[in-house]
Structures are given as C-alpha cells and as structure tokens.
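Taking it in order: structure first as structure tokens, then the write-up.
Residue numbers (our numbering): -18 to 166.
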C-alpha cells in the first residue's frame, strides 16, 4: 500500500521499492506487525550485512554472501522505508499504532576535498567544453549532479551574482538546494 499510494510522491521511489523487496524477502509476504521486534530487526541487520545482491549478465539478480558488508547507512535507509510504511498505515487507519524501528548506529561522515593539484589534473582531463563547464560549476558551487544538469538560465541572477539551484516550482527536499554566489572563476 505504501509504495502504491506514496511511491509516486517520494523522491526515492526506486530505492523504496528495492528496500521493500529486501524487507519482504526477510520477513515474508505474510508477515505481521507483531513480528517487528528489536531482536528481529537486529537479525535483519546481521543478515543484510552478510548478503549482497549482484546483477548477473542476463539482467537477473542474485543474493550472495559477501566478504564486504553493507554499510549501516544502507540498512538504515531500508529500515526507514519500513518505518515510513508503518506510519503511513497508521495515518490511513490500517494500523492503530506502529512499532518503534530501532536503527543501526549512523556512521561518521566522510569528507574529502580535492587539493589544488588534483583540481588542475581533473580540469586538464576535461577536453569537451561542456564537461569542463560542468566540473567548474560543481567545484565552485558544491552542487549535486542533478541540480547542475537541471540548471536553466532563469536560475542565474547575473546582476546579484547568484545561482538558484532549486528551480521555481520544485519542492525543496531534505537535501536542500541552495542559493550560491557566483565567484570570479
């Protein structure tokens, strides 16, 4: 129900659908809400950490054991879909209450910046003008790929030297698209 009713509205519908597949695979298609307990969620985390889905040459997918575990962030996102689905069921009168979903701890952020030498090497590799422009915009605004690829002239204010990364009419998401100043570069 959650995917059918909310899927078209959420930004990451494809991720929600994939997460739902993993959850159904683990809990079973006929699972009940009473099965969702902290110890069961811990088991889900352990099992998902040991398994990885790989795409085969014929396009099909296969779940295999993996030496490289899934990140806690991936499992958190999957459990967030479960939590959202349960809360959706409560809001729509299908459940009277939703169990609390215990999440694995959040991993610390990894921030790495390019040094000047790396920036120069990167720009030197951009032989196509559009690629060089894209890289320059990314380096100088910190914007995400989607924001830059969707950029149109009406989002550029040359008088005030501003770039509006969130186009007019687009709903602002949690990832936030900023208004960034245009620097001399």
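C-beta atoms are modelled at their ideal positions from N, C-alpha and C, and glycine is treated no differently.
Which whole-angstrom value is the C-beta distance of residue i and residue j, which I expect to be below 8 Å?
i           : j          : result
residue 168 : residue 66 : No information on residue 168 is available, as it lies outside the stretch -18 to 166 that the chain covers here.
residue 103 : residue 95 : 7 Å
residue 154 : residue -8 : 6 Å
residue 51  : residue 30 : 6 Å
Beta-carbon separation of residue i and residue j under 8 Å?
i           : j           : result
residue 124 : residue 118 : yes
residue 100 : residue 122 : no
residue 88  : residue 53  : yes
residue 0   : residue 62  : yes
residue 162 : residue 83  : no
residue 85  : residue 26  : yes
residue 133 : residue 148 : yes
residue 126 : residue 69  : no
For residue i, write down the residues that DSSP places opposite it in a beta bridge.
i           : result
residue 137 : 144
residue 62  : Paired residues: none, contrary to the question.
residue 160 : 145
Buried or exposed: residue i, going by 16 or more other Cβ atoms within 10 Å of its Cβ?
i           : result
residue 3   : buried
residue 128 : buried
residue 159 : exposed
residue 5   : exposed
residue -3  : buried
residue 59  : buried
residue 22  : buried
residue 146 : buried
Which ranges would you report for the alpha helix (DSSP H) in the region -13 to 20 if only whole runs of at least 4 residues count?
-> -6 to 8
Any alpha helix (DSSP H) of 4 or more consecutive residues that is wholly inside the region 87 to 115 = 97 to 106
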